[in-house]
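Chains as they are written, first to last, in the numbering used here: chain A, 1 to 357; chain B, 1001 to 1357.
Written out as structure tokens, the structure reads:
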């Protein structure tokens, strides 16, 4: 099992996703500031993994707080939450995880005056978020497996696998692993996903490790492989899903969705409920992170572009709901109109059993 | 003026497009075999530039032939034409240029028994092909300028500029330069164009040199910039255009065409008449070159992908005619039905004056 992020006695252990697959290097992060930096620098990436890492980072920071009173601890905690919330703006799981930690803090504060008890509860909450993420991805895999036919070739963009989550199954790759574990033969075409090359580096590595057949293509080949009839279904992850189903995901996802529609290929989004942001009416309200132009102009430190060239580097784009065939969550599969189906999944977890068909 | 390929007294001088823009290195090729190798290895690329280089290479090889009789020279010449024709399969300008050289050889052979005269005529023919390419691109620029409005932002894919032709204007970038020279303000968004990064490395370099505002994006951002209303028109080059207007061009062109249609953005192909292959009924008959997987898995020699991963690396795709708003040639602008308009341009050069509107 791939361990993306792990709570240990020494600190938070993370696989360094910047150097995979040519190096399998693990970092031991011993302070919450190091965790925030790791999120910002994309040592760890993927919306659910960011959420889990942020929760662990806050738990680590709280446990190291020298505050003698609950009020002192709360000051430290609040500051950590704010800084952690400024690492990456688009993945809503980050804010969801911080909110979970804050709620737990408040709950404990009303029950105890013991700084040590509150610290322990925050570590417990981070562990829970970790465990729940693993379980959510298994559920996504079970629901999603029903949407994949034996012999299908699935195109995926970026990495929405073990490395984008707490580990194990992943979201979009969870659907693929779910189909495989349900006895279906499934092959994958992975977009390489510039500029960070999550597909070429991470998805390829994960799937090869799992003996799932994978072929990597450059992003601009997605149209060509669909035109040539090589893709049966598209499954991608999500960084934030608005109330109407509009989905922010890795830059290029929108392009893949347009191509899938053109070729009448089903286009599925796979994400845990923690990726839903029902406070937003539509995708237009989702903040899109702009990253350093050097990610485009330089590859592993090597300059590829002319000096001083202007570059655009939005990390995400928004796929409008009308291009999405269904959204596969850990509580079941939502279909249009998403404004109703997503709200139903969010409020009524009992729908999970009936929404598989 | 950018000099892509040049006939000199010492040999054929080429700018090495593999190392641009971080190195501006010129190679002096002193044998026809070196020219063939340079085409294969993409020292020089772009359909018109390949045609010009092949013609020069054959002229160079013929001029170095030690054959004492016309028959000996013809043996050498025929062999060189065959090897040169095996360098790259998709760009039809290669075969067109070889055919031009062969026709000239046959014409001279019927007039003279002098090996030296035939050699001189072949050098003359290669020079003519070079000069005609420069003139053709200027004409494309004039015709294309009418299709660009003042203030337009043009998205282009790959490099169809000076570096893709004999030099100077280029085809798709010729349209942009034509608009600029007609007094229009024009900005460019350049797809980086993996795996060879012609956009990031070459188009950005060319346009920056020419003070034309250019912003580079990764290929998977093309949908996003269109969705955000940043693109008014798309202009791309071509490697081969079938009789019905279906166009083979750099991998990813099809994707851009689908996105342009989705956003109701005009999609233009710019290419000289030598890129037309009216012997082919449709794009399905165009041979698509598959290149080494290392172009995808390695960037400037650095391994990015897991060992042994499967990769698809078609160098081109085919854009069907129904996604093409117009084809801008050196003899005028062709519109659907292309089966008629292209044939008319090919046979009747006098249409040029009237087809500008």
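We put the beta carbon where it would ideally sit given N, CA and C, even for glycine. Source: prediction; values computed, not measured.
Name the residues in the segment 1211 to 1243 of chain B whose C-beta lies less than 8 Å from a C-beta of chain A; which are they?
In summary, the residues of the segment 1211 to 1243 of chain B whose CB is separated from some CB of chain A by less than 8 Å are 1213, 1214, 1215, 1216, 1217, 1218, 1219, 1220, 1221, 1222, 1223, 1224, 1225, 1227, in the order they occur in the chain.
Taking Cβ positions only, does residue 1305 of chain B come closer than 8 Å to chain A?
At a cut-off of 8 Å, the C-beta of residue 1305 of chain B has a neighbouring C-beta in chain A.
Nearest chain A C-beta to residue 1329 of chain B closer than 8 Å, yes or no?
Interface residue (Cβ-Cβ distance to chain A less than 8 Å): residue 1329 of chain B is not classified as such.
Beta-carbon spacing of residue 1044 of chain B, residue 1004 of chain B below 8 Å
Between residue 1044 of chain B and residue 1004 of chain B, the C-beta gap is smaller than 8 Å, which places the two residues in contact.
Do residue 1232 of chain B and residue 1174 of chain B have their CB atoms nearer than 8 Å?
Not closer than 8 Å, so no.
Length of the line joining the Cα atoms of residue 200 of chain A and residue 167 of chain A:
Residue 200 of chain A and residue 167 of chain A have their alpha carbons spaced roughly 19 Å apart.
Are residue 202 of chain A and residue 20 of chain A closer than 8 Å when you measure CB to CB?
Taking 8 Å as the Cβ cut-off, residue 202 of chain A and residue 20 of chain A qualify as a contacting pair.
Touch test, the segment 1307 to 1325 of chain B against the segment 1236 to 1251 of chain B, Cβ-Cβ under 8 Å, three pairs minimum
Yes: the two stretches touch, three or more of their Cβ pairs being nearer than 8 Å.
Which of helix, strand or coil does DSSP assign to residue 16 of chain A?
It is coil, neither helix nor strand.
List, in chain order, every chain B residue whose beta-carbon is nearer than 8 Å to that of residue 269 of chain A.
Proximity of chain B to residue 269 of chain A at the Cβ level (cut-off 8 Å) is not reached, the minimal Cβ distance being about 16 Å.
Any beta carbon from chain A within less than 8 Å of residue 1302 of chain B's own beta carbon?
True, the Cβ-Cβ gap to chain A drops below 8 Å.
For residue 1332 of chain B, three-class secondary structure by DSSP:
Correct three-state label for residue 1332 of chain B: strand.
Which partner residues does residue 29 of chain A have in the DSSP bridge list?
DSSP lists A:12 as partners of residue 29 of chain A.
Out of A:311, A:104, A:13, A:158, state which residue places its alpha-carbon closest to the alpha-carbon of residue 25 of chain A.
Ranked by Cα distance from residue 25 of chain A, the first of A:311, A:104, A:13, A:158 is A:13.
Check whether chain A comes within 8 Å of residue 1200 of chain B, counting only Cβ atoms and requiring the distance to be less than that.
Look at residue 1200 of chain B: its C-beta is under 8 Å from a C-beta on chain A.
Can you tell me the Cβ-Cβ gap for residue 345 of chain A and residue 331 of chain A, rounded? I've got them flagged as a contact below 8 Å.
With a Cβ gap of about 5 Å, residue 345 of chain A and residue 331 of chain A count as contacting.
Verify the CB distance criterion: does residue 1255 of chain B have a CB-CB separation below 8 Å to chain C?
Judged by its chain identifiers, the structure shown contains no chain C, and its protein chains are A and B.
Since residue 1338 of chain B and residue 224 of chain A are thought to touch, with beta carbons under 8 Å apart, how far apart are those beta carbons, to the nearest angstrom?
Incorrect: roughly 21 Å between the Cβ atoms, too far for contact.
For a cutoff of 8 Å on Cβ pairs, would you count residue 317 of chain A as touching chain B?
At a cut-off of 8 Å between beta carbons, residue 317 of chain A contacts chain B.
Who are the near neighbours of residue 1218 of chain B in its chain, counting only those whose CB is closer than 6 Å to its CB and skipping five residues on each side?
Around residue 1218 of chain B: 1192.
Give me, in chain order, the residues of the same chain whose beta-carbon lies closer than 6 Å to that of residue 1252 of chain B; leave out the 5 immediate sequence neighbours on both sides.
Answer for residue 1252 of chain B: 1157, 1219, listed in chain order.
With C-beta atoms as the reference, is residue 1105 of chain B less than 8 Å away from residue 1122 of chain B?
Residue 1122 of chain B sits close to residue 1105 of chain B, with the two beta carbons spaced by under 8 Å.
Taking C-beta pairs closer than 8 Å, name the residues in chain A that residue 1314 of chain B reaches, listed in chain order.
Here the neighbours are 221, 224.
Does DSSP put residue 182 of chain A in a helix, in a strand, or in coil?
DSSP, read as helix, strand or coil, puts residue 182 of chain A in coil.
Nearest neighbour of residue 196 of chain A, chosen from A:324, A:82, A:300 [CA to CA]:
Checked all of A:324, A:82, A:300; the closest Cα to residue 196 of chain A is A:300.
Start and end of the alpha helix (DSSP H) containing residue 340 of chain A?
Residues 338 to 347.
Given that residue 1021 of chain B touches chain A, what residues does it touch there, using C-beta distances under 9 Å?
Close partners of residue 1021 of chain B in chain A (Cβ separation under 9 Å): 303, 304, 305, 306, 307, 309.
Interface flag, residue 176 of chain A vs chain B, CB-CB below 8 Å:
False, the Cβ-Cβ gap to chain B never drops below 8 Å.
contact_flag[the segment 127 to 135 of chain A, the segment 45 to 62 of chain A] where n(CB pairs < 8 Å) is 3 or more
Contact between the segment 127 to 135 of chain A and the segment 45 to 62 of chain A is present, because at least three Cβ pairs lie under 8 Å.
Since residue 266 of chain A and residue 171 of chain A should fall inside the 8 Å C-beta cutoff, what is the C-beta to C-beta distance between them, to a whole number of angstroms?
Wrong, their Cβ atoms sit about 16 Å apart, outside the cutoff.
Integer-rounded CB distance, given that residue 47 of chain A should sit under 8 Å from residue 238 of chain A:
Contact holds; Cβ gap of about 7 Å.
With a CB to CB cut of under 8 Å and the five nearest residues on each side skipped, what residues in its chain are close to residue 357 of chain A?
Any reading at residue 357 of chain A must be qualified, since the residue scores a pLDDT of 38, below 50, and its modelled position is unreliable; no value is offered.
To the nearest whole angstrom, what separates the beta carbons of residue 1258 of chain B and residue 262 of chain A, a pair I think is in contact under 8 Å?
Between residue 262 of chain A and residue 1258 of chain B the Cβ distance is about 5 Å, and since that is below 8 Å, they are a contact.
Here's the rule I'm using: 16 or more other beta-carbon atoms within 10 Å means buried, otherwise exposed. How should residue 1116 of chain B be labelled?
Classified as exposed, residue 1116 of chain B has fewer than 16 neighbouring CB atoms from the shown chains inside 10 Å of its CB.
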